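A.B. asks:
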Amino acid sequence: MKDLFRKSAKKLAIVVLDRHPEAYARYIFKKRFHRKMNLDAPKDINEKINWLKFRTDTSEWSRLTDKYRVREYVTACGLADILVPLYGKWNRAEEINLDELPESFVLKTNNSSGTIFIVKNKDDIDRETMCRSLNYWLRQKVGVLSAEPHYQMIEPCIVAEQLLPANNGSTSPIDYKIWCFNGEPFSIWATHNRDASGAIVGLYDLNWNYQPEYQVFCSHYREGTPPYRNRIIWIKCWTLRVYWQNRFRKYGSIYMLWMTGVFILER
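Read in order, the letters of the sequence shown correspond to residues 42 to 308 in the working numbering.
(1) Taking C-beta to C-beta, are His191 and Thr97 nearer than 8 Å?
(2) Starting from the Cα of Asp140, find the closest Cα among Arg168, Val115, Asn152, Val125 and give me that residue.
(3) According to DSSP, is Ser228 helix, strand or coil?
(4) What's the C-alpha gap between Val283 and Ala231?
(5) Is the beta carbon of Ile219 less than 8 Å from the beta carbon of Pro226?
(6) Rank Lys77, Thr116, His233, Pro126 by C-alpha distance to the C-alpha of Pro143 and give the top, closest one.
(7) Between which two residues does the beta strand (DSSP E) carrying Phe222 extend?
(8) Distance, Cα to Cα, Asn234 vs Glu101?
(9) Tell me the DSSP bridge mates of Leu93?
(10) Are the Cβ atoms of Ala82 and Gly129 separated by less than 8 Å?
(11) My assumption, with CB atoms under 8 Å, is that Leu247 sits in contact with Tyr255. Please give the rounded CB distance.
(12) Below 8 Å between beta carbons: does that hold for Ser145 and Leu205?
(13) Taking the alpha carbon of Ala66 as the point to measure from, which residue in Asn91, Asp107, His75 has its own alpha carbon closest?
(14) Given that a residue counts as buried once 16 or more other Cβ atoms are within 10 Å of its Cβ, and exposed if not, what is Ala237?
(15) By Cβ distance below 7 Å, which residues in the same chain neighbour Trp131 in space, the five residues on each side in sequence not counted?
(16) Identify every run of the beta strand (DSSP E) within the segment 103-165, keeping only runs that are complete inside it and at least 3 residues long; order them along the chain.
(17) For Asn250, count neighbouring Cβ atoms within 10 angstroms of its own Cβ and tell me buried if that reaches 16, exposed if not.
(18) Rounded to the nearest angstrom, how far is the Cβ of Val242 from that of Tyr262, given a contact under 8 Å?
(19) Taking the alpha carbon of Thr156 as the reference point, which residue from Gln181, Ile166, Asp165 has its own alpha carbon closest?
(20) Could you tell me which residues DSSP pairs with Arg263 in its beta bridges?
(21) With distance defined between alpha-carbon atoms, name the residue in Ile159, Val160, Tyr177, Pro62 nearest to Asn152.
(22) In angstroms, rounded to a whole number, what distance separates the CA positions of Ala188 and Pro62?
Set out below in structure tokens:
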């Protein structure tokens, strides 16, 4: 009886949150920052992103958030050569033919974050567990639970991609998120040692000066000394600007460039 009540309460909550995403976003903001969110006159990047989310046209956000369809966008920009090789795409886990995949690969859903199977040897896969997890992730109302309505417009699927090697002392591939404002690169958010519990993160300016004062750390995104700090030195700002301005179109005044080792130079 208790389990039935919990399931009914969860379904009701999802319906309510789906109909009132902005109210839920305000609740999340107040709980996290201990102040009300001001969407009439946003003052910081958190409020600005929420303003864009609820006060502007975000139809293109769904395509760019979709881990499968974003490949169309990157290809249309003439950058198909930087995409991680794609091995397959399926609507249900039972459709996956492991015999057609290489020994190592990554399986993930396109409609969420952290819904990923890292396969180093496919002979070790527990297929029943894999199918159960992937199908469960496909059913999740990610956009509702995170107050990000553009996720709800994504048609869920499963993709298999090449497994990227960990590098520079990290237990996972190091990725770089380039924050841009008004068409110009502003700062670099570097992440390493990703796992189910979170990741080690660091924010830098374009000359790789560490800027912890601009970060908010938590149990999921933890501060730590990057193992790559002394090896990955700098990004040529002019190269980054040319790359961004000449190869990508701009959607909104705030956006990020995701990279894994692109334009990183080592001394």
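Built from N, CA and C at the ideal position, the CB exists for glycine as well.
Only a predicted model underlies this, so the values are computations on that prediction, with no experimental measurement involved.
C.D. replies: To lay it out plainly:
(1) By 1-based counting over the sequence shown, the position of residue 191 is 150. By 1-based counting over the sequence shown, the position of residue 97 is 56. No, they are not a contact pair.
(2) Here residue 140 refers to the residue found at position 99 of the sequence shown. Here the closest residue by C-alpha is Arg168.
(3) Taking the sequence shown and counting its residues from 1, one reaches residue 228 at position 187. DSSP places Ser228 within a strand segment (E or B) once states are collapsed to three.
(4) As a working mapping, residue 283 is identified with position 242 in the sequence shown. As a working mapping, residue 231 is identified with position 190 in the sequence shown. For Val283, the pLDDT reaches just 43, beneath the cut-off of 50, and the residue's location in the model is therefore unreliable, leaving the point undetermined.
(5) Position 178 of the sequence shown holds residue 219. Position 185 of the sequence shown holds residue 226. Contact flag set, yes.
(6) Counted from its first residue, the sequence shown places residue 143 at position 102. Answer by Cα proximity: Pro126.
(7) The residue labelled residue 222 in the question sits at position 181 within the sequence shown. Element bounds for Phe222: 216-222.
(8) Sequence index remark: in the sequence shown, residue 234 carries index 193 (1-based). Sequence index remark: in the sequence shown, residue 101 carries index 60 (1-based). Distance from the CA atom of Asn234 to the CA atom of Glu101, rounded to whole angstroms, is 31 Å.
(9) The residue labelled residue 93 in the question sits at position 52 within the sequence shown. DSSP lists no beta-bridge partner residue for Leu93.
(10) The count along the sequence shown starts at 1 and reaches residue 82 at position 41. The count along the sequence shown starts at 1 and reaches residue 129 at position 88. It is not a contact, given that the beta carbons lie outside the stated cut-off.
(11) Here residue 247 is taken as the residue at index 206 of the sequence shown, counted from 1. Here residue 255 is taken as the residue at index 214 of the sequence shown, counted from 1. Wrong, their Cβ atoms sit about 13 Å apart, outside the cutoff.
(12) Translated into the one-based positions of the sequence shown, residue 145 becomes position 104. Translated into the one-based positions of the sequence shown, residue 205 becomes position 164. Their beta carbons are not under 8 Å apart, which means Ser145 does not touch Leu205 by this criterion.
(13) Against the sequence shown, residue 66 aligns to sequence position 25. Residue Asn91 is the option with its Cα nearest to Ala66.
(14) Residue 237 sits at position 196 when you count from the first residue of the sequence shown. Ala237 is classed as exposed because its beta carbon has fewer than 16 other beta carbons within 10 Å across all chains shown.
(15) Within the sequence shown, residue 131 is the residue found at index 90, counting from 1. Around Trp131: Ile137, Cys198, Ile199.
(16) Complete beta strand (DSSP E) runs here, min 3: 127-131, 146-150, 157-160.
(17) In the sequence shown, the residue the question calls residue 250 occupies position 209. Burial state of Asn250 is exposed, judged by a 10 Å Cβ sphere holding fewer than 16 other Cβ atoms.
(18) The residue labelled residue 242 in the question sits at position 201 within the sequence shown. The residue labelled residue 262 in the question sits at position 221 within the sequence shown. Contact holds; Cβ gap of about 5 Å.
(19) Within the sequence shown, residue 156 is the residue found at index 115, counting from 1. Taking Thr156 as reference, the option from Gln181, Ile166, Asp165 with the minimal CA-CA separation is Gln181.
(20) As a first step, residue 263 must be located in the sequence shown, where it is residue number 222. Partner(s): Ile241.
(21) Sequence index remark: in the sequence shown, residue 152 carries index 111 (1-based). The closest CA to that of Asn152, considering only Ile159, Val160, Tyr177, Pro62, is found on Tyr177.
(22) For the purposes of this step, residue 188 is taken as the residue at position 147 of the sequence shown. For the purposes of this step, residue 62 is taken as the residue at position 21 of the sequence shown. Linking Ala188 to Pro62 through their CA atoms gives a straight-line distance of about 5 Å.
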